[in-house]
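Participant:
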Amino acid sequence: METFFLDEMIEILCRLSVKDLIRFKCASKHWCSLIDDPYFIKRHLSHSLKTKTNHSLLLRHYEYNFFSVNYDSGEAIQRLNHPVGEQKRAIKILGSCNGLLALIDDNDGIFLWNPSTRKFQVLPSTEIEISSPSICFERSTFYGFGYDPISDDYKLVRMVQLIGKSNGKLNSETKVYSLRRNCWRRIKDFCFYLLSAREIGFLANNALHWMAFKPPKSGKQDLVGFDLGTEEFRFLELPDFCLDKLFCYDIKAMGGYICLTATYREIDTVVVDVWTMEEYGVKESWIKLISCYQPEFIPDSPFAVPLAFSKNGDKVLFNISYKCRIFNNWYSLMDKFVWYDLCGERIEKVEIRGIPSVFEVHFYVESPVPINGNAVMINNEMP
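Throughout the sequence shown, residue numbering follows UniProt numbering, covering 1 to 383 in sequence.
#1: Round the Cβ separation of Phe-40 and Trp-31 to the nearest angstrom and send it over; I've been treating them as touching at under 8 angstroms.
#2: Tell me whether the beta-carbon of His-362 lies closer than 8 angstroms to the beta-carbon of Ser-116.
#3: Starting from the Cα of Tyr-147, find the closest Cα among Asp-227, Lys-19 and Glu-237 and give me that residue.
#4: Once DSSP output is grouped into helix, strand and coil, what is the label at Glu-138?
#5: Less than 8 angstroms between the beta carbons of Ile-251 and Leu-223, yes or no?
#6: Kindly indicate the opening and closing residues of the alpha helix (DSSP H) around Pro-370.
#7: For Ser-310, which residues of its own chain have a beta-carbon under 6 angstroms away from its beta-carbon, when the five flanking residues on both sides are left out?
#8: Go ahead and pull the three-state DSSP assignment for Arg-60.
#9: Would you mind reading off the limits of the beta strand (DSSP E) that contains Asp-153?
#10: Just to confirm the assignment, what range does the beta strand (DSSP E) spanning Cys-259 have?
#11: Does DSSP put Val-338 in a helix, a strand or coil?
#12: Along the chain, where does the beta strand (DSSP E) that runs through Cys-14 open and close?
#13: Under a Cβ-count criterion, where at least 16 other Cβ atoms within 10 Å of its own Cβ denotes burial, should Met-159 be classed as buried or exposed?
#14: Between Arg-234, Ile-110, Thr-230 and Lys-188, which has its C-alpha nearest Asn-182's C-alpha?
#15: When DSSP labels each residue in this structure, what does His-44 get in the three-state scheme?
#16: From what residue to what residue does the alpha helix (DSSP H) around Lys-29 run?
#17: For Glu-366, which three-state DSSP category applies?
#18: What is the DSSP secondary structure of Ser-172, reduced to helix, strand or coil?
#19: Quick check on the burial criterion: 16 or more other C-beta atoms within 10 angstroms. Buried or exposed for Thr-263?
#20: Taking the DSSP output, what are the residues bridged to Ile-251?
#21: Does the distance from the CB of Val-176 to the CB of Ile-163 come in under 8 angstroms?
#22: Using a Cβ-Cβ cut-off of 6 angstroms (strictly less than) and excluding sequence neighbours within five positions of Ala-204, which residues of its own chain qualify?
#23: Just verifying my parser: in three-state terms, what is the DSSP assignment at Glu-284?
#24: I need the straight-line Cα distance from Asn-65 to Arg-79, nearest angstrom please.
#25: From this set, Ser-172, Ser-68, Phe-235 and Ile-77, which residue's C-alpha is nearest Ala-212's C-alpha?
#26: Quick one: measure Cβ to Cβ for Tyr-71 and His-55, integer angstroms, because I've assumed they're closer than 8 angstroms.
#27: Measure the C-alpha to C-alpha separation of Lys-50 and Glu-138 and round it to an integer number of angstroms.
#28: For Thr-276, which beta-bridge partners are listed by DSSP?
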């Protein structure tokens, strides 16, 4: 009878928000012990992912302001107090996974942060061990953050590439930070050229992904994946799309699938094509999910990025970045959200009051996932 009651109670608690769970933890030691139990934390996270609840949009504005928008209602906007606090220092998001975010500030300090529990941890620093191939070289640093279910560990990957400007020689270094061990370690170096314009990897199928050129450096781009379990690299082929057109593209994960978006013009019409890889690693499994023509309400030079499916899967939420004329020939970049109806093949405007006009957006799930015993609480949450 006691076991039955406990299972029912866990099932009820799994349906609550993290904010409500924090309140319950203050009620008694028993509640606190139950909610902090690793089994319950995984159950709560699994329920949120399965039912597509407790999801939020995290907006970064002016490099140091963070806002949270409730994905279910699209109304509740909250300003978040991040680990750097009131200091107006630039912060970049290196990745988001299961409610945890990896951040880096302008002094190369790296943090793990759970916005829902308001806890964060400063990661230990690690030096770059490789030397430059020549006096004149280009250095680029790439990051990716994700979860390895095999070792039950969160990992941050840092890759550094040095390329000689005169001879194109490549030197590389790959290091992996383990949250469970709270330390960095160097693994096998990589032997491909990463694209410096896309420094943050995205997570799909328990692997992190970046765009790269196979050696020797050529004009053909490929997608490279880093398996968080085996810690091995592999190449994935892109679909044959827009080969005769000048286009902008974005590639990321959406709904568990690798998703590629190509935006281009046909005469006076803007076209947005969205491809998804239905079977991981199989080129033939790429399918065109969306081909949207003439989004008449989007101004000049739009760039569309899909973020997530709706709860029932019949719509896709897009972030549209575009140029807006503010005075004569002066333009300003703007951002907005739209829904794309997959069945009706039409676009619906999204109005969210109080959000900034320009932002970088990340989709994340609110969760009670802990960082570890070294985590620090952010006390003064902003209204």
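A virtual CB, placed ideally from N, CA and C, is assigned to each residue, including glycine.
Facilitator: Concretely, from the data shown:
#1: The pair is not a contact, with the Cβ atoms about 11 angstroms apart (cut-off 8 angstroms).
#2: no
#3: Asp-227
#4: strand
#5: yes
#6: Pro-370 -> no alpha helix (DSSP H), and no H or E assigned at all.
#7: none
#8: Residue state, collapsed to three classes: strand.
#9: Here the beta strand (DSSP E) through Asp-153 covers 153-164.
#10: 257-266
#11: strand
#12: Element bounds for Cys-14: n/a, residue is neither H nor E.
#13: buried
#14: Ile-110
#15: For His-44, the three-state secondary structure derived from DSSP is helix.
#16: 29-35
#17: coil
#18: strand
#19: Counting Cβ neighbours within 10 Å, Thr-263 comes out buried, since at least 16 surround it.
#20: Leu-260
#21: no
#22: Ala-253 and Ile-258
#23: helix
#24: 8 angstroms
#25: The residue with the shortest Cα to Cα distance from Ala-212 is Phe-235.
#26: 4 angstroms
#27: 44 angstroms
#28: Cys-259 and Ile-287
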